[in-house]
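Below is one structure, written out as structure tokens; the observations come after it.
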Amino acid sequence: MFAHSSYTQPAEVLKNVSVQFNRYFSIFIFLFGMIGNILNCFVLSQPNLRLNPCAYLFLISSLANMISITFGLSTRILSGWDMDITDSNTCMCKFRAFVMLTSRTIAFWLIAFATIDRWFSSCYQYQRRQMSSLKNAQRGTIIIIILSILLYSQILYCYEANITSTPLKCYGKSAECRLLTDIIYALITILFPLLIMCIFGLMTISNIRQTYYVILFKRTSTESDNENKTTLVLTNGQRERWKRIDRYLRHVLFVQTILLTVFTLPQVVEKIYTTLTENPRKSSLHNTIDKFIYNFVLLLTYVASGMPFYIYTLSGGSIFRNALRNLFQSMFSFTTNTSVRTTE
């Protein structure tokens, strides 16, 4: 009796902390993510960027992140006040899980595809550079969307509402369904895109170095002794430019890959752990701890969906920051002109 009471009190405290956490931290992440992705869409839609295949992929990825945050976090916020209809309505439960997981998969794979496009554009071979085009980016986007929809179509069968023995009431209805969804999410949605980002990012840096040395060798070997002085001056300037590009790509790649890994892998581990250690004999405190950890790492994945704008802005590179500055200047000029016309 005493032992049961000693477990019940901490469980109630932790449950209350989890509820408050879902209420207020979810709202913060929702605003953080939506503002960042909306600004991303505005910046990447500007004329000097929207025809660039890599920028196009980032733009569609931001739209997918917005959908993921809207369908995923809105229910988390409502659950803090026991108003989440997906907990009790099976159709809404299936639809919400399907849209959220599909859009997140699309967003991650588009970023990975952008890394591949960046590798194509940095290749010294002309045939490979031609692969980096807006048409190929659009085709790749369509393929990724179709495959993501097919990949998570099993959600429409597996997910059910009103399940009490799982971290969320809207969850996989059987151990087989949960394990299948966990494996797909861990491998296809998270690990494979991260691996592609890392591999092709390093290959891009290698291409830039190779291109620099090819240009340096050609210039120094074909020019006369009198012209070599000028060439050395030019190549010194080019050397600094290539070094800056190299540092920028390494920095953005490092930051993006590390942060995506930190914010998404904990949920992968937690989901698989929860499925493999499902035990109806767990104490109330143990179940409450599991649900709290699950909800915490779940919210971290939405941080990953909302942070690309802040990475692009803060990690270096003048092109994105200049585009953002131009956007704000255009908005300010439009507001000023509108107010002047209204006054007149």
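Under the numbering used here, think of the first position of the sequence shown as 1470, with each following residue one higher.
Each residue gets a CB set at the ideal place from its N, CA and C atoms; glycine is no exception.
### Query
Quick one, which of Leu1508, Asn1491 and Ser1802 has its alpha-carbon nearest Ala1637's?
It should be noted that the sequence gives Leu, not Ala, for residue 1637. For Leu1637, the closest alpha carbon among the candidates Leu1508, Asn1491 and Ser1802 is that of Asn1491.
### Task
Work out the CA separation of Ser1799 and Lys1740 for me, nearest whole Å.
Cα to Cα, Lys1740 sits roughly 45 Å from Ser1799.
### Query
Per DSSP, which one or two residues make a beta bridge with Tyr1593?
Answer by DSSP bridge pairing: none, since Tyr1593 is not bridged.
### Task
Take every Cβ of the segment 1550 to 1560, pair it with every Cβ of the segment 1599 to 1615, and state whether three or more of those distances are shorter than 8 Å.
Verdict: no, contact absent.
### Message
Quick check: what's the CA-CA separation for Ser1474 versus Thr1757?
### Response
Below a pLDDT of 50, predicted positions are generally treated as unreliable, and Ser1474, at 48, falls in that range; no measurement from the model is reported.
### Query
Does the separation of the CB atoms of Gly1505 and Tyr1779 fall below 8 Å?
Against a cut-off of 8 Å, the Cβ pair of Tyr1779 and Gly1505 comes out as a contact.
### Query
Leaving out five residues before and five after Leu1483 in sequence, what residues of the same chain have Cβ atoms less than 7 Å from its Cβ?
Counting only Cβ-Cβ distances below 7 Å, and skipping sequence neighbours, we find Thr1757, Ile1758 and Phe1761.
### Query
With a Cβ-Cβ cutoff of 8 Å, do Leu1579 and Ile1613 count as a contact?
In contact: Leu1579 and Ile1613 (Cβ atoms closer than 8 Å).
### Task
May I ask you to list the residues that DSSP assigns as paired with Thr1640?
Note on residue identity: the sequence assigns Tyr, not Thr, to residue 1640. BP columns for Tyr1640 point to Glu1629.
### Task
Taking Ile1727 as the reference, give the member of Ala1773, Ser1753, Leu1767 and Val1737 with the closest Cα.
Ala1773
### Query
Where do the N-terminal and C-terminal ends of the alpha helix (DSSP H) with Leu1769 fall, by residue?
Ser1753 to Gly1775
#### Entry: Simplified DSSP state of Gly1875, which is helix, strand or coil
One cannot answer for residue 1875 here, as it falls past the ends of the chain, which runs 1470 to 1813.
### Query
Where does Met1552 fall in DSSP's three states?
coil
### Distance between Leu1671 and Val1512 (C-alpha atoms, nearest Å)
27 Å
### First and last residue of the uninterrupted alpha helix (DSSP H) at Thr1610
Leu1603 to Leu1620
### Query
Mapping DSSP to helix, strand and coil, what is Leu1520?
coil
### Task
Would you mind working out which of Ala1524, Ala1566 and Leu1528 sits nearest Ser1543, comparing C-alpha positions?
Ala1566
### Query
How long is the line joining the alpha carbons of Cys1627 and Thr1584, rounded to whole angstroms?
One C-alpha to the other measures close to 33 Å.
### Query
Would DSSP call Thr1559 helix, strand or coil?
helix
### Task
Would you kindly check if the distance between the Cβ of Phe1582 and the Cβ of Leu1526 is under 8 Å?
yes
### Pairwise C-alpha distance: Gly1775 and Val1724
14 Å
### Query
What is the C-beta distance between Ala1630 and Thr1743, in whole angstroms, given that I count them as a contact (C-beta under 8 Å)?
Not really, about 18 Å apart at Cβ, beyond 8 Å.
### Task
Quick one: residues in its chain with C-beta nearer than 8 Å to the C-beta of Leu1625, no 5 flanking neighbours on either side, listed in chain order?
Lys1563 and Phe1567
### Message
So, with DSSP's three-state summary, where would you put Gln1623?
### Response
coil
#### Entry: Given 8 Å, three or more beta-carbon pairs between the segment 1531 to 1540 and the segment 1493 to 1505
yes
### Query
Does the beta-carbon of Leu1745 have 16 or more other beta-carbons within 10 angstroms, so that it is buried, or is it exposed?
exposed
### Task
Please list, in chain order, all residues of the same chain as Glu1696 whose beta carbon is under 8 Å from its beta carbon, the five residues on each side excluded.
Residue confidence for Glu1696 is low, a pLDDT of 46 falling below 50, so the modelled location carries little weight and cannot support an answer.
### Query
Going by other Cβ atoms of all chains shown within 10 Å of its Cβ, with 16 needed for buried, is Thr1633 buried or exposed?
exposed
### Query
Helix or strand or just coil, what does DSSP make of Ser1784?
coil
### Task
To the nearest angstrom, report how far apart Leu1518 and Tyr1781 are at their CA atoms.
14 Å
### Task
Determine the DSSP secondary structure at Ser1514, reduced to helix, strand or coil.
Of the three classes helix, strand and coil, the one that applies to Ser1514 here is coil, per DSSP.
#### Entry: Three-state secondary structure (DSSP) of Asp1586
helix
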